[in-house]
Every structure is written in structure tokens, then in C-alpha cells.
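Protein chains: 2
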Amino acid sequence: MEEKSPSTRERILDAAIEVFASKGYHDTRMDDIVEMSHSSKGSIYFHFPSKEEIFFGIVDKFANLLEKRLLQVLETESSGIERVHRALVVCLDTFGSHQALAKILLIQAVGLGQDFEVKREQIKDRFAALIQSQIEQAVIEGEIPALDAEMAAQIWMGAIYDIVMRWVSTSQLSPERMLPTLQTMLLRSIGVSDEKIEQICR
Amino acid sequence: MEEKSPSTRERILDAAIEVFASKGYHDTRMDDIVEMSHSSKGSIYFHFPSKEEIFFGIVDKFANLLEKRLLQVLETESSGIERVHRALVVCLDTFGSHQALAKILLIQAVGLGQDFEVKREQIKDRFAALIQSQIEQAVIEGEIPALDAEMAAQIWMGAIYDIVMRWVSTSQLSPERMLPTLQTMLLRSIGVSDEKIEQICR
Numbered sequence: 027m028e029e030k031s032p033s034t035r036e037r038i039l040d041a042a043i044e045v046f047a048s049k050g051y052h053d054t055r056m057d058d059i060v061e062m063s064h065s066s067k068g069s070i071y072f073h074f075p076s077k078e079e080i081f082f083g084i085v086d087k088f089a090n091l092l093e094k095r096l097l098q099v100l101e102t103e104s105s106g107i108e109r110v111h112r113a114l115v116v117c118l119d120t121f122g123s124h125q126a127l128a129k130i131l132l133i134q135a136v137g138l139g140q141d142f143e144v145k146r147e148q149i150k151d152r153f154a155a156l157i158q159s160q161i162e163q164a165v166i167e168g169e170i171p172a173l174d175a176e177m178a179a180q181i182w183m184g185a186i187y188d189i190v191m192r193w194v195s196t197s198q199l200s201p202e203r204m205l206p207t208l209q210t211m212l213l214r215s216i217g218v219s220d221e222k223i224e225q226i227c228r
Numbered sequence: 027m028e029e030k031s032p033s034t035r036e037r038i039l040d041a042a043i044e045v046f047a048s049k050g051y052h053d054t055r056m057d058d059i060v061e062m063s064h065s066s067k068g069s070i071y072f073h074f075p076s077k078e079e080i081f082f083g084i085v086d087k088f089a090n091l092l093e094k095r096l097l098q099v100l101e102t103e104s105s106g107i108e109r110v111h112r113a114l115v116v117c118l119d120t121f122g123s124h125q126a127l128a129k130i131l132l133i134q135a136v137g138l139g140q141d142f143e144v145k146r147e148q149i150k151d152r153f154a155a156l157i158q159s160q161i162e163q164a165v166i167e168g169e170i171p172a173l174d175a176e177m178a179a180q181i182w183m184g185a186i187y188d189i190v191m192r193w194v195s196t197s198q199l200s201p202e203r204m205l206p207t208l209q210t211m212l213l214r215s216i217g218v219s220d221e222k223i224e225q226i227c228r
């Protein structure tokens, strides 16, 4: 019996992640993915008309995973600042447990040009919007002083993206080193006191 | 009389900036730059073996200009935190007064792939090192509490780069909107109090 469409799609994406990780995006041929996924050529081209579409499929899969984990955290925690703290941990944790994948998404994407840039900006905007809503909530709850939450979210997004990028592309940083400084600086930047930060992050 | 080599080089770069700005990097041919710069083909190829080399020449020219302006500010101001404030103003000011150029460097560079990524990281590292030394100085001078200055500088660099990128690539932001929030957040992030920030930035 033919598997249902979603899981065939997933199997192709998982196979592609493996092939991209071992051969690199540019040296991977569609045939390699056909072979690794034990799918037919027709099935692959039905789901993804090109290698680039597969790449974008992986990007979406990872972004969706990260968003799902973040939303879970943001629903459960009570204080706005605590949610922000937990969200950062989840973010680094998700990149940390998918480092090969993150490397493919952030590094190998370089050669994909304008299409990927547009996609990347869309995803950054999506997460910036998530950050913005949390910052706005913390202002409403009286935890931090009023500020330009949209700008603040973009500044956070830039800082987080750049640090994660540096982390997955070099071996200079570790989550153990990144997390305390990143958290302290980001929370301070929106006006959380050092006492409160210590209380939340310990 | 033939002009001296440095100014021929400069003339070529200035002409290239104009051509890139009007035609876009990808649609510019070396002949367009020959024509615009009133140089000979031989002279251009003597200075720059390829269009990519011209692009990198422009990148260096802009990075050098920004660095020169920053170093001037960093030499003159007394307090570490004041220097940081002035440096941010200079940074946004330099991008603001060369917005067409900044757009070429940040946006059109996308298609250049790995070579440009390496170059971009080198330049970001250079400016991050400059930021790091200022933050370390502010710690030594007792203005801010001790922190991981290397991480802090990378976080700042990521935040600044991303905001400037967004500013030059969209029309959503203005320096008037960016500067107050960016400054407040960055200074807070390294432990400067809101009273002190108000005092410096007003």
C-alpha cells in the first residue's frame, strides 16, 4: 500500500537532510535523494519540482519545529519575562540538537541567492513577530518600561540570528558560553533588572 | 600627464559605484565601468582583474571609511560609554550618507556566494574587535560590570548589522527611529543605567 502523502514528503525531506549533510547541497543530485529516500523519481518530483524546493521544504520543516516548540513554551509559562527566558533556551536547544541541519540551512544556503534571502527574511520576520508580541505583553503586564517593541524585536532577532549563525558555522562558541551572556544582555536591553534576571535564569 | 595609481583606482571605484547603483551589479559589464570612469580597459584590468574584484574594492573602501571615522571618534571622546554612543551615531550616519552604496554592498552582494560571505565575516569581525576593545575599556574604567566582552561585541555586531541591513533594504526604518531604541538597548545590554543613558544621549 502506498504511504499517505505527508509521510512520503517527510521521508524525502529526511533523506535530503542526510544527503545534503554528507555531500553538501551543491554536489547533491536529485538521484541521490531518490536513492536515499527509497522513493521513486516520480514521487519526488511530484512533491518537489526541484532541489531548491526540497531545500525550502527543509527550511520550513525546521522553522515549523522551532515555532511549535516556542509556542508550547510561550503558552505554559506565566510571567512575560520568564516566557522570554524559556523561549531563548528552547531556541538554542533546538539549534543545538539539530546542528547538522542548522549548518545546512544557514551555511549551504549562501549560494541560493535572492530566492533564499527572501525566504530567510520571511522566517526572521515571523520569529521577530513572535518576539514582539512577548515584549509587548511584558510591557502590558508592567514588567518592563514602554519601548518600540517592533524595533526591539528586530534587534533581538539580529543578535540571536548572528550568534546562532556563528555558533553553527564555527566551533568557537558553545551553548554553555552563549546562553548566560545572550540572556543577560537581551533581558537587560528591554529594561529587566540584574536582580530579576538572576532570579529568572538561575 | 597620467594620474598617480591611487587616484586612478579611486576613479574606477567611484565610477563602478555609479554604474552598480543604476544598472545593478549583475547587469553591469566591465565595459560600462571603463566608459563611466574614462579609463582604458587596460588600466581597469591592471587594477582589478574582475568585476568581483571591483566589488570587493568598493567593500574595502567603505569599510575603511567607516573604520577611519570610528577611530576618530574613539580617540577624541573621554568616557568609554560616551565613545560607544558617539560610535553608534557615526555608524548610522555613515550608512545614512552613503545609502545607495550601502544598498549595493549589502543587497546586491547576495549573489556573490561564498567569497563574499568570507569577506563579510572578516569585516564584521574587524568591527566586532573594535567594539570589544571599547567594551573592555568601559569595564576597566569601572563604568560597567564585568562581562564576556567578545560575546557582547558579537551580539552588538549582529544587532547593528541586521538593523542597518533592514534599513537600507526596506524603507521601513529611519535613523531617527532606529538610533534612540538601538542606543538604549545596546547600552542597557552591557549594564549602563537608564539615568546614565539619558545623560549621554540627550
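Chains A and B, in that order, are what the protein sequence lines are. Per the working numbering, residue 27 is the first one in the first sequence, and the count goes up by one each step. Per the working numbering, residue 27 is the first one in the second sequence, and the count goes up by one each step. For glycine and all other residues, C-beta sits at the position ideal for the given N, C-alpha and C.
Of the listed residues the options, nearest to residue i (C-alpha basis)
| i | options | result |
| --- | --- | --- |
| Met-183(A) | Leu-156(A), Val-194(A) and Met-204(A) | Leu-156(A) |
| Val-78(A) | Ser-219(A), Met-56(A) and Met-191(A) | In the sequence under discussion, the amino acid at residue 78(A) is Glu, which differs from the Val named in the question. Measuring from the Cα of Glu-78(A), the nearest candidate turns out to be Met-56(A). |
| Arg-35(B) | Tyr-71(B), Glu-101(B) and Glu-176(B) | Tyr-71(B) |
| Ala-126(B) | Lys-49(B), Thr-210(B), Val-165(B) and Leu-208(B) | Lys-49(B) |
| Ile-181(B) | Ile-130(A), Met-204(A), Glu-169(A) and Gly-68(A) | Met-204(A) |
| Lys-94(B) | Ile-80(B), Thr-120(B) and His-73(B) | Thr-120(B) |
| Ser-63(A) | Tyr-51(A), Phe-81(A), Phe-46(A) and Ala-42(A) | Ala-42(A) |
| His-124(A) | Val-165(A), Ala-47(A) and Pro-206(A) | Ala-47(A) |
| Ile-84(B) | Leu-100(B), His-111(B) and Tyr-51(B) | Tyr-51(B) |
| Ser-215(B) | Ile-149(B), Ile-170(B) and Ser-33(B) | Ile-170(B) |
| Glu-101(B) | Leu-132(B), Ile-133(B) and Gln-163(B) | Gln-163(B) |
| Phe-153(B) | Ile-166(B), Ala-179(B), Val-165(B) and Gln-140(B) | Ala-179(B) |
| Val-110(A) | Val-165(A), Glu-61(A) and Phe-142(A) | Val-165(A) |
| His-73(A) | Ser-33(A), Arg-228(A) and Asn-90(A) | Ser-33(A) |
C-alpha gap between residue i and residue j, whole angstroms
| i | j | result |
| --- | --- | --- |
| Glu-108(B) | Ile-226(B) | 6 angstroms |
| Glu-44(A) | Thr-54(A) | 10 angstroms |
| Val-116(A) | Leu-96(A) | 7 angstroms |
| Ser-76(B) | Asp-86(B) | 15 angstroms |
| Ala-135(B) | Leu-114(B) | 24 angstroms |
| Glu-147(A) | Gln-98(B) | 34 angstroms |
| Gly-217(B) | Ser-105(B) | 15 angstroms |
| Glu-29(B) | Gly-122(A) | Any reading at Glu-29(B) must be qualified, since the residue scores a pLDDT of 47, below 50, and its modelled position is unreliable; no value is offered. |
| Met-27(B) | Arg-37(B) | Low local confidence applies: a pLDDT of 44 at Met-27(B) is under 50, so the model's placement there is unreliable, with the coordinate-based value given in what follows. Near 16 angstroms, if we compare the C-alpha coordinates of Arg-37(B) and Met-27(B). |
| Ile-223(B) | Thr-210(A) | 18 angstroms |
| Leu-213(A) | Tyr-187(B) | 20 angstroms |
| Met-177(A) | Ile-59(A) | 41 angstroms |
| Asp-151(A) | Leu-92(A) | 14 angstroms |
| Ser-66(A) | Val-144(B) | 38 angstroms |
| Phe-88(A) | Phe-82(A) | 10 angstroms |
| Ala-175(A) | Leu-208(A) | 18 angstroms |
| Glu-221(B) | Gln-160(B) | 20 angstroms |
| Gln-158(B) | Gly-168(A) | 33 angstroms |
| Ala-128(A) | Ile-80(A) | 15 angstroms |
| Ala-172(A) | Pro-206(B) | 13 angstroms |
| Leu-132(A) | Leu-138(B) | 16 angstroms |
| Leu-118(A) | Gln-140(B) | 25 angstroms |
| Ala-185(A) | Asp-40(A) | 29 angstroms |
| Gly-68(A) | Phe-142(A) | 25 angstroms |
| Arg-229(A) | Asn-90(A) | Outside the shown range of chain A, which is 27 to 228, sits residue 229(A), and nothing can be said about it. |
| Ile-149(B) | Ile-130(A) | 23 angstroms |
| Arg-228(A) | Ser-219(A) | 14 angstroms |
| Glu-61(B) | Ile-189(B) | 36 angstroms |
Local conformation of residue i per DSSP, three classes
| i | result |
| --- | --- |
| Ile-186(B) | helix |
| Arg-35(B) | helix |
| Ser-215(B) | helix |
| His-64(A) | coil |
| Thr-196(A) | coil |
| Met-27(B) | Unreliable positioning characterises Met-27(B) in this predicted model, as indicated by a pLDDT of 44, which lies under 50. The coordinate reading is nonetheless provided below. The answer is coil: DSSP assigns Met-27(B) none of H, G, I, E or B. |
| His-24(B) | Because chain B in this structure spans residues 27 to 228, residue 24(B) falls outside the shown range and cannot be described. |
| Thr-120(B) | helix |
| Arg-55(A) | coil |
| Gly-83(A) | helix |
| Gly-50(A) | coil |
| Pro-171(B) | coil |
| Pro-206(B) | helix |
| Pro-201(B) | helix |
| Arg-228(A) | coil |
| Ser-76(A) | coil |
| Ile-70(A) | helix |
| Ile-133(B) | coil |
| Ser-159(A) | helix |
| Lys-222(A) | helix |
Residue i Cβ short of 6 angstroms to the ligand GDP heavy atom set
| i | result |
| --- | --- |
| Glu-143(B) | Judged by which ligands are present, the structure shown has none, so any question about the ligand GDP falls away. |
Contacts of residue i in chain E (Cβ-Cβ under 9 angstroms)
| i | result |
| --- | --- |
| Asp-188(A) | Judged by its chain identifiers, the structure shown contains no chain E, and its protein chains are A and B. |
Worksheet item: Is the stretch 188-198 of chain B touching the stretch 192-206 of chain A, taking contact as three or more C-beta pairs under 8 angstroms?
Response: no
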